[in-house]
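Taking the numbering used here, I'd label the letters of the sequence shown as residues 729 to 787.
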Amino acid sequence: MTPAELRTLGNKHGRGWQARLARELPINARTIRRWLSGKTTMHPAIAKQVRHVMEGWLP
C-alpha cells in the first residue's frame, strides 16, 4: 500500500483515523506517520490487515 492509498483510505473516515488504526492493529502511531511520509514501507501482510480493519469501519 502506498502512502497515497493509505491517506485516501484514511480520509474516508475523518479525523482521528490514524489513532484509531494504531489502537486496533495495535501499532505505534509513529509507524503510521512513517508509512504516510514514505519513510518506511508497509509489509504486504500488514497492508492486507490495514485494509481489512479500515474497511470494517462505518463511513
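Each residue gets a CB set at the ideal place from its N, CA and C atoms; glycine is no exception.
Check, Outcome
"Relative to the alpha-carbon of residue 754, which residue among 733, 730, 777 has its alpha-carbon at the smallest distance?", "777"
"At what residues does the alpha helix (DSSP H) containing residue 776 begin and finish?", "772-783"
"Exposed or buried, which one is residue 786 when buried takes at least 16 other CB atoms within 10 Å?", "exposed"
"Among 759, 769, 742, 749, which has the Cα closest to the Cα of residue 780?", "749"
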